[in-house]
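So the sequence lines, in the order shown, correspond to chains A and B. Residues in the first sequence are numbered from 7 upward in steps of one, following my numbering. Residues in the second sequence are numbered from 7 upward in steps of one, following my numbering. All residues carry an ideal CB built from backbone N, CA and C; glycine is no exception. This one's a predicted model, so the numbers in the text were calculated from it and none came from an experiment. The next block holds one structure in the form of structure tokens; read it before the comments.
2 protein chains.
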Amino acid sequence: MRQNVPELGSFIREQRERSAMSLRKLADRAGISNPYLSQIERGLRHPSAEILKSISRALSISAESLYERAGLLEGRATPDVERAITADPTLSERQKQALTEIYRSFIGGEETEA
Amino acid sequence: MRQNVPELGSFIREQRERSAMSLRKLADRAGISNPYLSQIERGLRHPSAEILKSISRALSISAESLYERAGLLEGRATPDVERAITADPTLSERQKQALTEIYRSFIGGEETEA
DNA sequence: CCAAAGTGCTTGCAATTGCAAGCACTTTGG
DNA sequence: CCAAAGTGCTTGCAATTGCAAGCACTTTGG
């Protein structure tokens, strides 16, 4: 399995750190060995899609986001928050606007810790 | 990699026969060995996602259709807002929490039209 | 201070993937 | 009829995946 290895591995590490999880914690949650997770993050191995799926679950991100970085899926972005907001029939226009703006400030600007 | 093996293999064979291709022809088109394709169709091996991708290309079907049968992807429901937020890799845990709470307050309370 | 716990990594190995070489059969065409 | 081509499968093996055992270091807490 060929992958854009540096990107996949570093992405997984970033997500892990963002979740404030140790490598062992994530490995346990994903049900894989921690040495193997370490190797994956450092780009030394090319994990199978099943492993990627387990990791995505443990990180609470979509499997697709990892599959894409692994070159297994194309163009299919992670379900878009903005699109979901727009499509949600329980939100008013105002609420949609407000949520969208908050979302954009989160992804676009500094992380604002409240 | 665990798969619903009989379904995946037989599905690939059906698609191949539907395309009136010999096993060797499809294997050549997919860039894999024909013995291996034979084993896959008969459920003797559990091919990687990369192999499935190559086969899907050669069969002119979507990679997703094979990934789903292999258990790598799940039925693509319409993503709702909470799920989209959770799955978004660009958001920190804090931001996810904040957005989710705002969303919940919007759908849970009265619509406030100004 | 120091033992225990936590953290990430090294290394050897069993199991698995995917392939090359080749087999047995069937079909084609001269 | 029979050689050549086509078809799908068997089998042994090199390369790779994923793991267990363990190491070196850092942090914690009594």
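With a threshold of 16 other CB atoms inside 10 Å of the CB of T92 (chain B), please say whether the residue is buried or exposed. buried
Run down chain B in chain order and give the residues with a C-beta less than 8 Å from the C-beta of S71 (chain A). A93, P95
Are R22 (chain B) and L50 (chain B) closer than 8 Å when you measure CB to CB? no
Burial state of Q101 (chain A) (16 or more Cβ within 10 Å): buried
Quick check on the DSSP output: the alpha helix (DSSP H) that includes S71 (chain B) runs from which residue to which? 69 to 75
Which residues mark the beginning and the end of the alpha helix (DSSP H) in which S60 (chain B) is found? 55 to 65
I believe L29 (chain B) touches L43 (chain B) by the beta-carbon criterion, under 8 Å. Please report the beta-carbon distance rounded to the nearest angstrom. 6 Å
Beta carbon proximity, I38 (chain A) to chain B, threshold 8 Å: no
Please classify E74 (chain A) as buried or exposed, where buried requires at least 16 neighbouring CB atoms within 10 angstroms. buried
With a 10 Å radius around its C-beta and 16 neighbouring C-beta atoms as the bar for buried, classify T84 (chain B) as buried or exposed. Confidence in T84 (chain B) is poor, its pLDDT being 45 and thus under 50, which makes the residue's placement unreliable; the coordinate value appears in the next sentence. Result: exposed.
Between R24 (chain A) and chain B, is the shortest Cβ-Cβ distance under 8 Å, so that the two count as touching? yes
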